[in-house]
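There are 2 protein chains.
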Amino acid sequence: MHVFYDPDILNNSGILNEEESRHCVKVLRHKEGDLIKVITGQGECYTCTIIEASVKRCRLKIESRESAKKSSTVCHIAIAPTKSIDRFEWFIEKSTELGIDKITPILCHQSERKQIRLSRLEKVIISATKQSLRFWKPSITELTNLKDFLLANHPEKLKFIAYCDEKVERQPLSAQLLDRDKTQSVLILIGPEGDFTEEEVTIAIDQGFIPISLGRNRLRTETAGISACMTVRLMESLHK
Amino acid sequence: MHVFYDPDILNNSGILNEEESRHCVKVLRHKEGDLIKVITGQGECYTCTIIEASVKRCRLKIESRESAKKSSTVCHIAIAPTKSIDRFEWFIEKSTELGIDKITPILCHQSERKQIRLSRLEKVIISATKQSLRFWKPSITELTNLKDFLLANHPEKLKFIAYCDEKVERQPLSAQLLDRDKTQSVLILIGPEGDFTEEEVTIAIDQGFIPISLGRNRLRTETAGISACMTVRLMESLHK
């Protein structure tokens, strides 16, 4: 069954927003009587019958409702967008499929990419949320200066910074999470291709971020982000 | 320091193969006296000085040797190449970074892609092996018919099949690996976009493959492959 995204489907008394209506009726050629799923990105998924296949205002009758609790562990990753935007969009698609909750693109001293198109990244998140049938849509913020981000207050109880410097011995993220309360939320910093500067690492540690490694191999920025997200979700599942 | 790949660097008494010589001298403009790393893909990494910067036969003096044991758990994933070859090459790059040992591309009943260019995929593996500074290069085979693959003998002690059918309750891969001896090698089957057919699943189960899930979300083929690889490596690290 095709999946559509509309956070306001209930408030709009079952009328699918214009973009999704067009996709449903014009692109996918759905007709009156067809069954589709609509996710709100806020924990609900509705199975609906199309009662008016309008290209701009597709009218739906809600047949049934499923809901899902938000994961008890919030996984928030603050990551420097990569020089190649494809690699960053790929990180966003994959981390959405794998269960990330929040993405903060950060601007670091050695960042090669100094701007992003948030609307484009939002589209990638929505499409991956639909594709993976996630009931909760991850959130993403505008590009944020790392130092401002470090000095701000964060609700996450556990804060980590992953970087490549081999001089310092660090525990892997998995070991750090092994004996934690599974309901503790996690914030992980991932640096740019050129890595964090020593000054950035020092400030992070002063702000309570724990240095971690992400395994033996040297990972690209986007792979490090996926690895961190997978590790949080996997360790959470082991606590259950 | 730039990393190059040459499995025969010792047998050729320190002369880098033609492809890597060109890359080293012509593309990266290395000169006599420069230091580079050469990995063999067989567990060794040599730090070398360039003593003759020849475009075809770059001559090296080995200064030091590092070596790494092969991981005790062999991670072998048999996966159906995706319709979009980019997505499959992406799986190969990322699983190489994350520590996969063996990839078998499989041809299933519902495979949308019926051919691969092995030489191209080998290049992706070599470049990701160098990039991630892995001392062991993963191996990849030609496209193999799933039924032939299922009926063949496999050295791996643990064999799993991941598929989407929600009817059957299955344990997540992580739970399956939780109490296993970490030295047991693992083989995981990942199906095509259209998933395995019921017949393929039945044959796999008859052949001793254990049905597993890869979490709550519906994952694309290439994401399922990455998730499976990460899970094997993470569970292995927890046993240490």
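These protein sequence lines map, in sequence, to chains Z and W. For the record, in the first sequence the residue sitting at position 201 is 201 according to my numbering, with numbers rising by one throughout. For the record, in the second sequence the residue sitting at position 184 is 1184 according to my numbering, with numbers rising by one throughout. Idealized CB from N, CA, C, for every residue including glycine. Source: prediction; values computed, not measured.
- Residue environment: Asn217 of chain Z is assigned as buried (16 or more neighbouring CB atoms within 10 Å of its CB, all protein chains considered).
- For the segment 1083-1100 of chain W, the beta-carbon criterion of a distance under 8 Å to any beta-carbon of chain Z is satisfied by Trp1090, Lys1094, Glu1097, Leu1098, Gly1099.
- The beta carbon of Glu1089 of chain W is closer than 6 Å to those of Val1124 in its chain, skipping five residues each way along the sequence.
- Non-local beta-carbon contacts of Val168 of chain Z in its own chain, meaning distances under 6 Å to residues more than five positions away in sequence, are absent.
- If you draw a straight line from the Cα of Ser111 of chain Z to the Cα of Glu200 of chain Z, it is about 12 Å long.
- Using a Cβ distance threshold of 8 Å, Leu1189 of chain W and Ala1162 of chain W count as a contacting pair.
- For Lys1056 of chain W, there is no enclosing alpha helix (DSSP H), as DSSP marks it with neither H nor E.
- Restricted to the segment 15-74 of chain Z, the alpha helix (DSSP H) segments that are unbroken, complete and at least 4 residues in length are 18-22, listed in chain order.
- Remark: C-beta atoms of Leu1107 of chain W and Leu1146 of chain W approach each other more closely than 8 Å.
- With the rule of 3 Cβ pairs closer than 8 Å, the segment 77-96 of chain Z counts as touching the segment 225-234 of chain Z.
- Within chain W, the C-beta atoms nearer than 7 Å to that of Met230 of chain Z come from Ser1227, Met1230, in chain order.
- 8 Å or more divides the Cβ of Arg1180 of chain W from the Cβ of Ser1213 of chain W.
- The beta carbon of Asn17 of chain Z does not come within 8 Å of any beta carbon belonging to chain W, so the residue lies off that interface.
- Nearest CB-CB separation between Gly1033 of chain W and chain Z: not below the 8 Å threshold.
- With respect to the C-alpha of Asp1034 of chain W, the residue from W:Cys1048, W:Ser1054, W:Val1003, W:Leu1177 having the closest C-alpha is W:Cys1048.
- Scanning chain Z for C-beta atoms nearer than 8 Å to the C-beta of Gln1131 of chain W yields Arg218, Arg220, reported in chain order.
- Burial of Asn17 of chain Z is indicated by the presence of at least 16 other C-beta atoms within 10 angstroms of its C-beta.
- The three-state reading of DSSP puts Lys1102 of chain W in strand, counting E and B together.
- In the DSSP assignment, Phe1135 of chain W falls outside any alpha helix (DSSP H) and carries neither an H nor an E.
- For Leu178 of chain Z, the chain W residues whose C-beta falls within less than 8 Å of its own C-beta are Leu1238, listed in chain order.
- Around Leu1234 of chain W, the beta-carbon contacts reaching into chain Z at under 7 Å are Ser174, Thr231, Leu234.
- Take Lys1157 of chain W, set aside five residues on each side of it, and the residues of its chain with a beta-carbon closer than 7 Å to its own are Gln1184, Ser1185, in chain order.
- Short of 7 Å from the beta carbon of Ala1204 of chain W, and not among the five residues preceding or following it, lie these beta carbons of its own chain, in chain order: Leu1150, Ile1161, Leu1189.
- Less than 8 Å separates the beta-carbon of Glu1193 of chain W from that of Thr1221 of chain W.
- Of Z:His2, Z:Ala53, Z:Lys61, Z:Ile51, the smallest CA-CA separation from Leu10 of chain Z is found for Z:Lys61.
- Residues of chain W whose Cβ lies closer than 7 Å to the Cβ of Arg134 of chain Z are, in chain order, Asn1217.
- Contiguous beta strand (DSSP E) elements confined to the segment 165-212 of chain Z occur at 186-190, 210-212, taking only those with 3 or more residues.
- Fewer than three beta-carbon pairs drawn from the segment 30-46 of chain Z and the segment 73-82 of chain Z are found closer than 8 Å, and the two stretches are therefore not classed as touching.
- Separation of Cys1164 of chain W and Arg57 of chain Z (C-alpha to C-alpha, rounded to the nearest whole angstrom) is 33 Å.
- The continuous stretches of alpha helix (DSSP H) do not include Lys1157 of chain W, and DSSP gives it neither H nor E.
- Under the DSSP definition of a beta bridge, Ala1078 of chain W partners with W:Thr1104, W:Leu1189.
- Shortest Cα-Cα distance from Lys31 of chain Z to any of Z:Ser54, Z:Ile15, Z:Gly14 involves Z:Ser54.
- At a cut-off of 8 Å, the C-beta of Thr1183 of chain W has no neighbouring C-beta in chain Z.
- When rounded, the separation of the alpha-carbon atoms in Ser21 of chain Z and Ser1084 of chain W is 27 Å.
- Between Thr1129 of chain W and Lys1137 of chain W the beta-carbon gap is near 5 Å, inside 8 Å, which marks them as a contact.
- DSSP places Thr1141 of chain W in the coil class of the three-state scheme, outside both helix and strand.
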